[in-house]
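Here is the structure we will look at, set down as C-alpha cells.
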Amino acid sequence: MSTPKPSTHKEPSLARRASAALAPYASVTVAAVVLRLFLGGTMLYAGIDKSLLDPRFLQAEGVGSIGETLRYFVTSGGPLAGLVEAVALPQPVLIGASMAGAQLLVGASLLTGSWVRYGALLGAGISLSLALTSTWGVSPYYYGNDLPYFVGFLALAALGDGGALRLGAPASRGHNPERRAALVSGTGIAAGIAALLVLDRSRAISAITGGGAPTPSLTPGASATATPSASAPTAGTVISGAPSLAAGQALNFSAGGTDAVLIKDGSTYRAFERACTHQGTPVNWQAGSGDFLCPNHGARFAASGQVTMGPANTPLRAIEVSIAADGTVTYRR
Ligand code: FES
1410 MSTPKPSTHK EPSLARRASA ALAPYASVTV AAVVLRLFLG GTMLYAGIDK
1460 SLLDPRFLQA EGVGSIGETL RYFVTSGGPL AGLVEAVALP QPVLIGASMA
1510 GAQLLVGASL LTGSWVRYGA LLGAGISLSL ALTSTWGVSP YYYGNDLPYF
1560 VGFLALAALG DGGALRLGAP ASRGHNPERR AALVSGTGIA AGIAALLVLD
1610 RSRAISAITG GGAPTPSLTP GASATATPSA SAPTAGTVIS GAPSLAAGQA
1660 LNFSAGGTDA VLIKDGSTYR AFERACTHQG TPVNWQAGSG DFLCPNHGAR
1710 FAASGQVTMG PANTPLRAIE VSIAADGTVT YRR
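Quick note on numbering: the sequence shown equals residues 1410 to 1742 in my numbering.
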C-alpha cells in the first residue's frame, strides 16, 4: 500500500487572483465604452449647460458670456488669439451656439455609439482649440483641463466604438464576458456622471426655477461685510438659513437669479457672486483651506474675495449684506 504523496498544488498568489478577477474588464471594449460614456456624457452636459441651463452664456456681454470668454481668449495671447479676434469676436453668439451644438453632437455620437470615430475627432478638435485659447496660459500645463480631454478623444478615435452599447446593434446571444464587463463598467460610469450632475444641481435648479428660490446648502463657502450689531432690521432680501451658519461655513443662495454664496468669516458675514472672474465657472468654498477654488482652471480667492492664484486676475464680485439685531441676514443688489 503506497502512502499518499503530499499535494504539490499551490494557492495562486493574490496578484494572480486579482489579475484573473480583472481579466474580463481588461479589454478594448471596456476601454472604449468607459471613454465613450465619460467623454460623451461630459460633452452632452456641456452642450446642454451652454444652450439651456446657463442663461448668461449665449450673450455678447456680461459675466460668464461667450463674448467675455472670447475677449479673454484674445487678451490671454494664445496661438489662436489673432484668429479669435478676426473671426469669432465679431459674432460671439453664433460662435457660442456653434460650440454648444458641436458638443451636443459629440455627446450624442459617443453615447449612442454612432460614428464614434468622427465624433471623437470632433471632440478632439474642440478640446485642442480650447487648449490653444482657454487654458493656454495655465501653468504648469497639467492644471489645464483641455489637454487631457484632447488626448482622451484621440485615444477613443483610435479605439472606435468598442463593439458594445451601440444603438440599434443586435443583442448578442449567450454568455459574453466582454459584453457583461462593458455593461458593468458602463453602469458604474453612468452612475458617476449622474452623481456629478446631482452635485452640480444648484445651477440646474436655478435655471429651472428662474433663480427665484434660494437654494441653501452647507458647502465645504461671501463681499460686502456685515457684523452683528444692535441695528434695526434693514431693507433687503432675507437669506434664509444664514443665522445657523457656523464660523468658517458657507451657504449658497440665489441673489435675484444670480448664483451667490454667503460665508461667515469669524463673526462677519461676506457675500459674493459665485462666478469666477476668469470665465464664470461657479467657485466653491473650501472650508479646510478657508478660500474659494474655481474647479475650471484652478483660480483661488481669499475669504475677502481677493485673487490668491490665477488665471483669474480680478476679485470676486461683492454683494452687500446686512445683519439685523435678531440675526436676520439680508442682501441688497
Ligand atoms: S473659469 Fe478659469 S479659473 Fe475660473
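For every residue, glycine included, the Cβ atom is placed at its ideal position computed from N, Cα and C.
- Going by DSSP, Ala1664 is part of the beta strand (DSSP E) stretching over Ala1659 to Ala1664.
- Pairwise C-beta distances place the stretch 1672–1691 in contact with the stretch 1649–1656, as three or more of them are shorter than 8 angstroms.
- Shown here for Arg1709: same chain residues with a beta carbon closer than 7 angstroms to its own, the five before and five after excluded, namely Asp1700, Phe1701, Leu1702, Thr1717 and Met1718 in chain order.
- Within the same chain, Arg1683, Cys1685, Phe1701 and Cys1703 come within 6 angstroms of Val1692 by CB-CB distance, once the 5 residues on both sides are set aside.
- In chain order, the residues with a C-beta atom nearer than 5 angstroms to some heavy atom of ligand 1 are Cys1685, His1687, Gln1688, Thr1690, Cys1703, Asn1705, His1706 and Ala1708.
- Under a 10 Å Cβ-count criterion, Pro1501 is classified as buried, with 16 or more other Cβ atoms of the shown protein chains found around its own Cβ.
- Classified as exposed, Arg1742 has fewer than 16 neighbouring CB atoms from the shown chains inside 10 Å of its CB.
- Leu1514 is positioned such that its CB atom lies no closer than 8 angstroms to that of Arg1445.
- By the neighbour-count criterion, in which a residue is buried when 16 or more other Cβ atoms sit within 10 angstroms of its Cβ, Gln1688 is buried.
- The beta carbon of Leu1537 lies closer than 7 angstroms to those of Phe1559 in the same chain, with the five residues before and after it left out.
- Bridge partners of Ser1731 according to DSSP: Thr1739.
- For secondary structure counted as the beta strand (DSSP E) over 3 or more consecutive residues, the stretch 1498–1526 holds no complete run.
- Counting along the chain, the unbroken alpha helix (DSSP H) around Asp1555 starts and ends at Asp1555 to Leu1568.
- Short of 8 angstroms from the beta carbon of Trp1524, and not among the five residues preceding or following it, lie these beta carbons of its own chain, in chain order: Ser1518.
- A contact is defined here as three or more CB-CB pairs under 8 angstroms, and the stretch 1482–1494 fails this definition with respect to the stretch 1418–1431.
- Rounded to whole angstroms, the gap between the alpha carbons of Phe1662 and Phe1466 is 20 angstroms.
- Here the alpha carbons of Lys1419 and Asp1458 stand approximately 56 angstroms from one another.
- Under the 10 Å beta carbon count, Gln1715 is surrounded by fewer than 16 other beta carbons and is classified as exposed.
- Counting only the Cα atoms, Tyr1481 lies some 15 angstroms from Gln1468.
- Under the three-state reduction of DSSP output, Thr1690 falls in the coil class, being neither helix nor strand.
- The alpha helix (DSSP H) runs lying completely inside the stretch 1434–1489 and spanning 4 residues or more are 1437–1457 and 1475–1484, given in chain order.
- DSSP places Val1493 within a helical segment (H, G or I) once states are collapsed to three.
- Approximately 4 angstroms separates the beta-carbon atoms of Ala1529 and Leu1565; this is inside 8 angstroms, confirming the contact.
- If you draw a 10 Å sphere on the C-beta of Val1496, you find fewer than 16 other C-beta atoms in it, and that means exposed.
- In this structure, DSSP gives Thr1544 a state outside helix and strand, which the three-state scheme calls coil.
- About 11 angstroms separates the beta carbons of Gly1522 and Thr1438, which is beyond the 8 angstroms limit, so they are not a contact pair.
- Nearest Cα to Ala1734 within the set Gly1473, Gly1491, Pro1652 and Glu1494: Pro1652.
- Taking C-alpha positions only, Leu1479 is separated from Ile1504 by approximately 9 angstroms.
- Distances from the CA of Gly1473 to each of Thr1667, Ser1731 and Ala1696 were compared; the closest alpha carbon is that of Thr1667.
- Short of 8 angstroms from the beta carbon of Glu1477, and not among the five residues preceding or following it, lie these beta carbons of its own chain, in chain order: Glu1470, Gly1471, Gln1688 and Gly1689.
- Put simply, the backbone Cα of Val1443 is about 18 angstroms away from that of Ala1455.
- Taking all protein chains shown into account, Pro1549 has fewer than 16 neighbouring C-beta atoms within 10 Å of its C-beta and is therefore exposed.
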